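Report on the structure given below.
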Amino acid sequence: MKHKQILLAHGSGGSMMHDLIQELFLPAFDNPYLRQGNDQALFENPGGRIAFTTDSYVVQPLEFPGGSIGELAVHGTINDLAVGGAKPLGLSVGMILEEGLEMELLERIVANMKRAADEAGVPLVTGDTKVVERGSCDKMFINTSGVGLVAEDVHIDGHNARPGDAVLVSGSLGDHGVAVMSERRGVQFSTPVVSDTQPLHRLVARMLEVTKDIRVMRDPTRGGIATTLNEIATQSRVGIHIEETALPISAEVNGACELLGLDPLYLANEGKLIAIVPEEAAESILSAMRELPEGKHACRIGHVVEDRPGIVRMRTPIGGTRIINVLSGEMLPRIC
Amino acid sequence: MSVLTAFRDSERARSIIERIHRRNTGDISIMEFCGGHTVAIFRSGIRSVMPESVRMLSGPGCPVCVTSNADLDRAVALAKTPGVTITTYGDMLKVPGSRESLMQVRAQGYPVEIVYSTLDALKLAEEQPDREIVFFAIGFETTAPAAAAAVLQARKRGLKNFSICSVMKLTIPGARALLAMGEVKVDGVIGPGHVSSIIGSDAWRFLPEEHGIPVAISGFEPLDLLAATDAIMEMHEQRRPALVNTYSRVVRPEGNRKAWGAVEEVFTLDEAGWRGFGIIPESGLVLREEFADFDADRRFDITVEDSEEHPACRCGEVLRGVITPHECKVFGTACTPESPLGPCMVSSEGSCAAYYHYQRQLA
Chain A
0 MKHKQILLAH GSGGSMMHDL IQELFLPAFD NPYLRQGNDQ ALFENPGGRI
50 AFTTDSYVVQ PLEFPGGSIG ELAVHGTIND LAVGGAKPLG LSVGMILEEG
100 LEMELLERIV ANMKRAADEA GVPLVTGDTK VVERGSCDKM FINTSGVGLV
150 AEDVHIDGHN ARPGDAVLVS GSLGDHGVAV MSERRGVQFS TPVVSDTQPL
200 HRLVARMLEV TKDIRVMRDP TRGGIATTLN EIATQSRVGI HIEETALPIS
250 AEVNGACELL GLDPLYLANE GKLIAIVPEE AAESILSAMR ELPEGKHACR
300 IGHVVEDRPG IVRMRTPIGG TRIINVLSGE MLPRIC
Chain B
0 MSVLTAFRDS ERARSIIERI HRRNTGDISI MEFCGGHTVA IFRSGIRSVM
50 PESVRMLSGP GCPVCVTSNA DLDRAVALAK TPGVTITTYG DMLKVPGSRE
100 SLMQVRAQGY PVEIVYSTLD ALKLAEEQPD REIVFFAIGF ETTAPAAAAA
150 VLQARKRGLK NFSICSVMKL TIPGARALLA MGEVKVDGVI GPGHVSSIIG
200 SDAWRFLPEE HGIPVAISGF EPLDLLAATD AIMEMHEQRR PALVNTYSRV
250 VRPEGNRKAW GAVEEVFTLD EAGWRGFGII PESGLVLREE FADFDADRRF
300 DITVEDSEEH PACRCGEVLR GVITPHECKV FGTACTPESP LGPCMVSSEG
350 SCAAYYHYQR QLA
């Protein structure tokens, strides 16, 4: 690119914007839908129900151990489709760039998005760019939306958890939250914790091969599994019991939480899912999940109960019980 | 077994819990002064495994909670002073003062920044030489060394735009004031771990020696807290009040003299206003005369009048252990973490927040 930084003129609709799109975005995200060159991407209708989702990414720092805002924007929207049982068809990308953003950084993040989309096999089919004055946004925001198809016989829904169901999680918890927090606070760990950002649609597809009767799926991003489990308990009007000793949390994440005074249950994850499944299918679903790298450490963390609907409780290692509430406000490190 | 899992070991926990249940102490009230302990006790579910005869009380050891509205109002006034940027720890932003919180002030466009350490505040002062960076310093003995270090660093680097508004307090005078009030029955004290790592376990000897109250200094892991509780019950059972340090891997009898030396170099004692307690003599840390240049109270002419508590808020009684959060009429209704009336519901170490998050629906 000719310019080292994003200028307001890059968003003006004129030749510089044209150049930015032609020289950076189109070659990076190249695919047949984009090459249609229209104001919209046209999909053939292959049948099934359409899933549609959107999310905006404002993470700081833009790059962190194990990923960047680029991968998050691709994986996050793929995962929002996947946990509804949808096969993702394509994503849109809306970029809001701040005047003065280093072109080199933008190029790196665009390359990350391209790689993430390619690896997932989900094309970025349409996009939009706006440039805002310096100080109006924190370097860059990305919005991605996605469409996907859900098979007729799949009915994954937050209202479907039933007493007796098993609660599964696809892998270790809190990695993304600690990776971002350590970067933000400049805390270096001897074994660095890297973000778990990854797409989950293949894992979900494999789970659905075992049984279509998966009741609920969610990806526990902001607010962590504590908030996600509470949402499910409220929606389905059931109680949820989890076992603290069953939670897959790495020694590094546990250590970081100790140091910073954080609770791993509330830390964000970007490549994990929680599934509520019928007890009789739980073991075969777990085996299937473990066949794929993104589900290698899948395990059972608890079960759904009838009493105290809307409440999530956890048995602690000492045999005590405590309530797991939703996160209120921002999680902040301890003062003393 | 890693160090952490060792302190969460189920088998060892079970054996201590069984021993606690076998002890013949009768009704016993054990207070943890430290807000960090309050949260750790709730998080590990310790209250739910204690015999009914054991009453666990939360004390005044949450630094956010004991900050008075008068001090909060001062921070708000400083934040509104032209050219001043207030920096402070996150929890402080949400605490409602007499009229508004720092968070509301920030939403009005006044510069209020969350920092994670005093060094972040120093960095801001270096990056923004045209602004006055004031660190609103709350906390106990644990955070005081970092505040002292920031002042010493600021002087060393020749920073002219950095100052501290100190509302830091000392736990020992706070504990003494609580016992002198005689409002609550305290049969044993779980001594604060992080504070004691600075001031030393010996600082708590006055509890058994002057008040006949057993004290066990504790860490923050489930087994630490169970071991400390068991030690207190044993001393109570045998009527031999003493000081036990169950956190010797971190706390020494004499504490961290180097860290405390920095505090003594920069700060001196003064009276301080505590929420729920009023003025406690020699319980606050203020900057010494020779560091007057770094004292926000001397640099800026701030007067705050008509500070008052919310009439329905009973945080003061919660902090003194006189009532539990459940006994406050507005708990969980008019007062929630999202719209708090008092600091105990806001702070991550506050009693009301701990009850709300970990035990509300169990009651």
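Chains A and B are the protein sequences, given in the same order.
So the first sequence is numbered by numbering that gives the first Met the number 0: it starts at 0 and just counts up by one.
So the second sequence is numbered by numbering that gives the first Met the number 0: it starts at 0 and just counts up by one.
Just so you know, even glycine gets a beta-carbon here, dropped at the ideal spot from N, CA and C.
Since the model is a prediction, treat every value here as computed from it, not as a measurement.
Open item on the list: Considering only their Cβ atoms, is the gap separating Ala120 of chain B from Val114 of chain B smaller than 8 Å?
Closed with: Counting from 1 along the second sequence, the entry for residue 114 of chain B is found at position 115. Counting from 1 along the second sequence, the entry for residue 120 of chain B is found at position 121. The answer is yes: Cβ separation under 8 Å.
Open item on the list: Does the region 306-321 of chain A come into contact with the region 226-245 of chain A, if we say contact requires no fewer than three beta-carbon pairs (one atom in each stretch) closer than 8 Å?
Closed with: Enough Cβ pairs lie closer than 8 Å, so yes.
Task: Contact under 8 Å by Cβ, Lys184 of chain B with Ser28 of chain B - done: As a first step, residue 184 of chain B is located in the second sequence; it is residue number 185 there, counting from the start. As a first step, residue 28 of chain B is located in the second sequence; it is residue number 29 there, counting from the start. Yes, these two residues count as a Cβ contact at 8 Å.
- [ ] With DSSP collapsed to three states, give me the class of Tyr56 of chain A.
- [x] By one-based count along the first sequence, residue 56 of chain A stands at place 57. Residue state, collapsed to three classes: strand.
Open item on the list: Give me the chain B residues within the contact set of Arg337 of chain A, using Cβ-Cβ distance strictly less than 9 Å, ordered along the chain.
Closed with: Residue 337 of chain A falls outside the range modelled here, since chain A spans only 0 to 335, and no answer is possible.
Open item on the list: Considering only the alpha carbon of each residue, which of A:Phe63, A:Asn30, A:Glu97, A:Val57 lies closest to Leu7 of chain A?
Closed with: As a working note, residue 7 of chain A is residue 8 in the first sequence. With respect to the C-alpha of Leu7 of chain A, the residue from A:Phe63, A:Asn30, A:Glu97, A:Val57 having the closest C-alpha is A:Glu97.
TODO: Compare the C-beta of Phe41 of chain B with all C-beta atoms of chain A and state if any pair is closer than 8 Å.
DONE: The residue you call residue 41 of chain B lines up with position 42 of the second sequence. Cβ-Cβ to chain A under 8 Å: yes for Phe41 of chain B.
Open item on the list: So that I know if they touch, is there some Cβ in chain A lying closer than 8 Å to that of Ala12 of chain B?
Closed with: Position 13 of the second sequence holds residue 12 of chain B. Interface with chain A (8 Å Cβ-Cβ cutoff): Ala12 of chain B is included.
Task: Within chain A, the residues that Leu225 of chain B reaches when beta carbons sit closer than 8 Å - done: If you number the second sequence from 1, residue 225 of chain B lands on position 226. In chain order, Ile317 make up the part of chain A whose C-beta sits under 8 Å from the C-beta of Leu225 of chain B.
Open item on the list: Which same chain residues end up closer than 6 Å to Glu316 of chain B when comparing Cβ atoms and leaving out the 5 residues on each side of it in sequence?
Closed with: The residue labelled residue 316 of chain B in the question sits at position 317 within the second sequence. Ile322, listed in sequence order.
Open item on the list: Which of the three DSSP states is assigned to Cys298 of chain A in this structure?
Closed with: Taking the first residue of the first sequence as position 1, residue 298 of chain A is located at position 299. Reduced to three states, the DSSP call for Cys298 of chain A is strand.
TODO: Pick helix, strand or coil for Ser200 of chain B, following the three-state DSSP scheme.
DONE: As a working mapping, residue 200 of chain B is identified with position 201 in the second sequence. Helix, per DSSP.
TODO: Step through the CB atoms of chain A and report whether any lies within less than 8 Å of the CB of Ile198 of chain B.
DONE: Sequence index remark: in the second sequence, residue 198 of chain B carries index 199 (1-based). Not an interface residue.
- [ ] Could you check what DSSP says for Met206 of chain A in three-state terms: helix, strand or coil?
- [x] For the purposes of this step, residue 206 of chain A is identified with residue 207 of the first sequence, where counting begins at 1. Of the three classes helix, strand and coil, the one that applies to Met206 of chain A here is helix, per DSSP.
Task: C-alpha gap between Leu71 of chain A and Asn78 of chain A, whole angstroms - done: Numbered from its first residue, the first sequence carries residue 71 of chain A at position 72. Numbered from its first residue, the first sequence carries residue 78 of chain A at position 79. Those two C-alpha atoms are separated by around 10 Å.
Task: the region 36-69 of chain B: positions lying closer than 8 Å to chain A by Cβ - done: Cβ contacts with chain A: Phe41, Arg42, Ser43, Gly44, Ile45, Arg46, Ser47, Val48, Pro62, Val63.
- [ ] Could you check which residue in A:Gly66, A:Met102, A:Thr128 has the C-alpha nearest to that of Asn111 of chain A?
- [x] For the purposes of this step, residue 111 of chain A is taken as residue 112 along the first sequence, with counting starting at 1. With distances taken between CA atoms, Asn111 of chain A lies nearest to A:Gly66 out of A:Gly66, A:Met102, A:Thr128.
Open item on the list: Against Asn324 of chain A, what residues of chain B qualify as contacts under a CB-to-CB distance less than 7 Å, listed in chain order?
Closed with: The sequence position of residue 324 of chain A within the first sequence is 325, counting from 1. The contacting residues are His356.
TODO: With 7 Å as the limit, tell me which residues of the region 120-148 of chain A have their beta carbon closer than that to any beta carbon of chain B; keep them in chain order.
DONE: Listed by position, the residues of the region 120-148 of chain A near chain B (Cβ gap below 7 Å) amount to none.
- [ ] Compare the C-beta of Ser9 of chain B against all C-beta atoms of chain A and say whether one is closer than 8 Å.
- [x] Translated into the one-based positions of the second sequence, residue 9 of chain B becomes position 10. Yes - at least one Cβ of chain A is within 8 Å of the one on Ser9 of chain B.
Open item on the list: For chain A, check one thing: does any of its Cβ atoms lie closer than 8 Å to the Cβ of Arg251 of chain B?
Closed with: Walking along the second sequence from the start, residue 251 of chain B turns up at place 252. Interface residue (Cβ-Cβ distance to chain A less than 8 Å): Arg251 of chain B is not classified as such.
Open item on the list: Let me see if you follow: with CB-CB separation under 8 Å, is Ile16 of chain B close to chain A or not?
Closed with: Looking up residue 16 of chain B in the second sequence gives position 17. It does: the Cβ of Ile16 of chain B has a partner Cβ on chain A nearer than 8 Å.
Open item on the list: Here's the rule: buried if 16 or more other CB atoms are within 10 angstroms of the residue's CB, otherwise exposed. What is Met313 of chain A?
Closed with: As a working mapping, residue 313 of chain A is identified with position 314 in the first sequence. Met313 of chain A should be labelled buried.
TODO: Can you grab the Cα-Cα spacing for the pair Leu326 of chain A / Ala353 of chain B, in whole Å?
DONE: As a working note, residue 326 of chain A is residue 327 in the first sequence. As a working note, residue 353 of chain B is residue 354 in the second sequence. Going by C-alpha positions, Leu326 of chain A is about 12 Å away from Ala353 of chain B.
TODO: Kindly indicate which residue of A:Leu90, A:Ala178, A:Asp127, A:Val57 has the alpha-carbon position closest to the one of Gly10 of chain A.
DONE: For the purposes of this step, residue 10 of chain A is taken as residue 11 along the first sequence, with counting starting at 1. Minimum Cα distance to Gly10 of chain A is reached at A:Asp127.
- [ ] Return the chain-ordered list of same chain residues with a C-beta closer than 7 Å to the C-beta of Ile108 of chain A, the five sequence neighbours on each side being excluded.
- [x] Counting from one through the first sequence, the residue named residue 108 of chain A turns up at place 109. Within the same chain, Ile108 of chain A has close Cβ partners Leu61, Ser67, Ile68, Gly69.
TODO: Out of A:Leu272, A:Gly157, A:Leu100, state which residue places its alpha-carbon closest to the alpha-carbon of Arg133 of chain A.
DONE: Position 134 of the first sequence, counted from the start, is the residue given in the question as residue 133 of chain A. Of A:Leu272, A:Gly157, A:Leu100, the residue nearest in Cα terms is A:Leu100.
- [ ] Using the Cα positions of Tyr357 of chain B and Thr320 of chain A, report the straight-line distance between them to the nearest angstrom.
- [x] Position 358 of the second sequence, counting from 1, holds the residue named residue 357 of chain B. Position 321 of the first sequence, counting from 1, holds the residue named residue 320 of chain A. Looking at the two C-alpha atoms, the distance is approximately 9 Å.
Open item on the list: Between Arg321 of chain A and chain B, is the shortest Cβ-Cβ distance under 8 Å, so that the two count as touching?
Closed with: As a first step, residue 321 of chain A must be located in the first sequence, where it is residue number 322. Yes, because at least one Cβ of chain B sits closer than 8 Å to the Cβ of Arg321 of chain A.
TODO: With DSSP as the reference, label Met55 of chain B as helix, strand or coil.
DONE: As a working note, residue 55 of chain B is residue 56 in the second sequence. Correct three-state label for Met55 of chain B: strand.
Open item on the list: So if DSSP puts His240 of chain A in a beta bridge, which residue, or which two residues, is it bridged to?
Closed with: Here residue 240 of chain A refers to the residue found at position 241 when the first sequence is read from its first residue. Paired residues: A:His302, A:Arg312.
Open item on the list: Please state the DSSP three-state secondary structure of Cys335 of chain A.
Closed with: The residue labelled residue 335 of chain A in the question sits at position 336 within the first sequence. Low confidence applies to Cys335 of chain A: its pLDDT is 48, below 50, so where it sits in the model is not reliable enough to give any reading.
Task: Pairwise C-alpha distance: Glu243 of chain A and Arg336 of chain A - done: No answer is possible for residue 336 of chain A: the residues shown for chain A start at 0 and end at 335.
Open item on the list: If we define contact as Cβ-Cβ less than 8 Å, is Thr210 of chain A a contact residue for chain B?
Closed with: Walking along the first sequence from the start, residue 210 of chain A turns up at place 211. Chain B, which has no Cβ nearer than 8 Å to the Cβ of Thr210 of chain A, makes this no.
Task: Against chain A: residues of the region 263-286 of chain B by CB proximity under 7 Å - done: Residues: none.
Open item on the list: Strictly below 9 Å CB to CB, what residues from chain E border Thr227 of chain A?
Closed with: The structure shown contains no chain E; the protein chains it does contain are A and B.
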